[in-house]
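> A single structure is presented below for examination.
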Amino acid sequence: MTTDHAEATGDADWEREPDPSDSLRTFGAVVQALREHAGFSRVEFGGLVRFSKHTVESVELGRRMPDESFVERAEEALGNTGALRKSARFLTRGEAGLAVWFRRWARLEKLAVSLCTYECRLVPGLLQSEEYARAVFEGTIPVVSDERLEALLAVRTERQRMLYERPAVPFSFIVEEHVFRRRYGDAEQMRGMLDHVLEHSAPRNVTLQIVPLEGGLHSCLDGPVRLLETADGRRFAYSEGQQNGRLIADVKEVSLLQQRYDTLRSQALNPKDSRGLLERLRGEL
């Protein structure tokens, strides 16, 4: 598309969203539903809003962030119901460093007044050193591009700031001992990872407990889980598996998971002994 044509069709400076957000997809679906109800093809609708058929398609599929002129013209062409103007206020871009299934949880994290994490696979993201996180992302399949890798690291670093920027919010972590024994890199890199965990679990609002190898079977063997509470007293949970994640809002299910977490908390090493264990593991390297 030439520059002149782009400007004439209103497509100038539009770029495809690298990772569409849920709000973009929802907005696009509403535009498509209203367009089809009005009986317009994409070509006809494009003529009315002065954007190309391809741009209309991209908006409807959540691939592009509509600008103000698109929203206004689409609103006028589709009956002036106010639906597009009002919904456009809540549009957000996709976050390239977050998996699609994790985004809703990440937004809730920012509102949480308490956050609990049980992990049995790897060091929790909020406690990972940059070198450890890089090794995790480099080992993913399919292999990510350098650009994607840097986006993932940037988002992880940004999330970790919560531990320091929200000192009144309690963060609780329960992690299996074998997670810290799993080797990656050389001894120096392992020491760096343990040092990072010790540093980031030191603030008064952060609690780290380790489930020792000899701790036996326990109540959270179904897999990792995260729990949080919002300022209005609502509780949510999040569980994650291969290529998927599930936000849990059902009161009974969240309550059950909270009970399991609280039970495991009583079975894990206390924070002082947990730090002592990490220091011993570091000394063994």
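In terms of full-length UniProt numbering, the sequence shown is residues 1 to 285. Note that beta-carbon positions come from the ideal geometry of N, C-alpha and C, so glycine has one too. Just so we're clear, the structure is a prediction, and the values are computed from it rather than from any experiment.
Below 8 Å, can you find three or more Cβ-Cβ pairs linking the region 252-270 to the region 197-215?
yes
> As a quick exercise: from Leu285, Gly276 and Ala237, pick the residue whose alpha carbon is nearest that of Ala112.
Working through the sequence shown from its first residue, we reach residue 112 at position 112. For Ala112, the nearest C-alpha among the options comes from Ala237.
> Measure the C-alpha to C-alpha separation of Val175 and Ala154 and round it to an integer number of angstroms.
Numbered from 1 along the sequence shown, position 175 holds the residue referred to as residue 175. Numbered from 1 along the sequence shown, position 154 holds the residue referred to as residue 154. Using only the alpha carbons, I get a separation of about 24 Å.
> Kindly provide the ranges of any beta strand (DSSP E) runs that are 3 or more residues long and lie completely inside the region 58-93, ordered along the chain.
Listed in chain order, nothing qualifies, since the region 58-93 has no complete beta strand (DSSP E) run of 3 or more residues.
> Look at the Cβ atom of Val254, then the Cβ atom of Arg235, and state whether they are nearer than 8 Å.
Numbered from its first residue, the sequence shown carries residue 254 at position 254. Numbered from its first residue, the sequence shown carries residue 235 at position 235. Cβ distance < 8 Å, so Val254 and Arg235 count as in contact.
> Would you identify the three-state DSSP class for Gly10, choosing helix, strand or coil?
Walking along the sequence shown from the start, residue 10 turns up at place 10. Here Gly10 scores only 42 on pLDDT, less than 50, and its place in the model is too uncertain to base an answer on.
> Short of 8 Å in beta carbon distance, which residues of its chain neighbour Val136, apart from the five on each side in sequence? Order them along the chain.
As a first step, residue 136 must be located in the sequence shown, where it is residue number 136. Result list for Val136: Leu122 and Gln128, in chain order.
> Taking the straight line between their C-alpha atoms, what separation do you get for Tyr132 and Met193?
Along the sequence shown, one-based indexing puts residue 132 at 132. Along the sequence shown, one-based indexing puts residue 193 at 193. Inter-residue distance for Tyr132 and Met193 is about 6 Å (C-alpha atoms, whole angstroms).
> Quick one: grab the DSSP three-state call for Gln209.
In the sequence shown, the residue the question calls residue 209 occupies position 209. Correct three-state label for Gln209: strand.
> Using a Cβ-Cβ cut-off of 7 Å (strictly less than) and excluding sequence neighbours within five positions of Leu61, which residues of its own chain qualify?
Residue 61 sits at position 61 when you count from the first residue of the sequence shown. Taken in chain order, the residues that qualify are Gly28.
> Between which two residues does the beta strand (DSSP E) holding Ser172 run?
Residue numbering aside, residue 172 sits at position 172 when the sequence shown is read from its first letter. Phe171 to Glu176 is the extent of the beta strand (DSSP E) around Ser172.
> Assign Tyr164 to buried or exposed, taking buried as 16 or more other Cβ atoms, counted over all protein chains shown, within 10 Å of its Cβ.
Along the sequence shown, read from residue 1 onward, the residue named residue 164 stands at position 164. Exposed.
> Under three-state DSSP, which class holds Tyr184?
Within the sequence shown, numbered from 1, the residue matching residue 184 stands at position 184. Three-state DSSP puts Tyr184 in coil, outside helix and strand.
> Counting C-beta neighbours from all protein chains within 10 Å, is the total for Trp14 16 or more, i.e. buried, or is it exposed?
Taking the sequence shown and counting its residues from 1, the one referred to as residue 14 is at position 14. Model confidence at Trp14 stands at a pLDDT of 41, short of 50, so the residue's coordinates are unreliable and nothing is read from them.
> Between the C-alpha atoms of Leu227 and Gln258, what's the straight-line distance to the nearest angstrom?
Numbered from 1 along the sequence shown, position 227 holds the residue referred to as residue 227. Numbered from 1 along the sequence shown, position 258 holds the residue referred to as residue 258. So the alpha carbons of these two residues sit roughly 7 Å apart.
> Is the region 58-74 close to the region 24-40, with three or more CB pairs under 8 Å?
yes
> Considering only the alpha carbon of each residue, which of Gly223, Glu44, Gly82 and Ala88 lies closest to Asp22?
The residue you call residue 22 lines up with position 22 of the sequence shown. For the residues Gly223, Glu44, Gly82 and Ala88, the minimum Cα distance to Asp22 belongs to Ala88.
> Measuring only the C-alpha atoms, how far is Asp250 from Gly215?
Taking the sequence shown and counting its residues from 1, the one referred to as residue 250 is at position 250. Taking the sequence shown and counting its residues from 1, the one referred to as residue 215 is at position 215. Straight-line Cα distance between these residues: approximately 30 Å.
> When the Cα atoms are used, what is the spatial distance from Leu217 to Arg182?
The count along the sequence shown starts at 1 and reaches residue 217 at position 217. The count along the sequence shown starts at 1 and reaches residue 182 at position 182. If you take the alpha carbons of Leu217 and Arg182, they lie about 19 Å apart.
> Would you please state the rounded distance, in angstroms, between the beta carbons of Glu75 and Arg85? I believe it to be under 8 Å.
Locating residue 75 in the sequence shown gives position 75, counting from the first residue. Locating residue 85 in the sequence shown gives position 85, counting from the first residue. About 5 Å separates the two Cβ atoms, so the contact holds.
> Should Pro224 and Cys120 be called a contact, given that it needs their Cβ atoms to be closer than 8 Å?
The count along the sequence shown starts at 1 and reaches residue 224 at position 224. The count along the sequence shown starts at 1 and reaches residue 120 at position 120. Yes, Cβ-Cβ distance for Pro224 and Cys120 is below 8 Å.
> Considering just the uninterrupted stretch of the alpha helix (DSSP H) at Gly28, what are its terminal residues?
Locating residue 28 in the sequence shown gives position 28, where the first residue counts as 1. Per DSSP, Gly28 belongs to the alpha helix (DSSP H) from Asp22 to Ala38.
> Please name the residue, chosen from Asp67, Gln243 and Glu188, that lies closest to Pro142 on a Cα-to-Cα basis.
By 1-based counting over the sequence shown, the position of residue 142 is 142. Minimum Cα distance to Pro142 is reached at Gln243.
> Under three-state DSSP, which class holds Ala237?
Position 237 of the sequence shown holds residue 237. Residue state, collapsed to three classes: strand.
> To the nearest angstrom, how far is the alpha carbon of Leu247 from that of Arg104?
Taking the first residue of the sequence shown as position 1, residue 247 is located at position 247. Taking the first residue of the sequence shown as position 1, residue 104 is located at position 104. Roughly 8 Å separates the two Cα atoms.
> Please state whether DSSP places Glu202 in a helix, a strand or coil.
Residue mapping note: residue 202 aligns to position 202 of the sequence shown, counting from 1. For the sequence presented, residue 202 should be read as Ala rather than Glu. The answer is coil: DSSP assigns Ala202 none of H, G, I, E or B.
> Could you tell me the distance, in whole angstroms, from the CA atom of Gly139 to the CA atom of Tyr184?
As a working note, residue 139 is residue 139 in the sequence shown. As a working note, residue 184 is residue 184 in the sequence shown. Each residue's Cα considered, the two are about 11 Å apart.
> In terms of alpha-carbon separation, which member of Asp67, Arg73 and Gly245 lies closest to Pro35?
Position 35 of the sequence shown, counted from the first residue, corresponds to residue 35. For the sequence presented, residue 35 should be read as Arg rather than Pro. Checked all of Asp67, Arg73 and Gly245; the closest Cα to Arg35 is Arg73.
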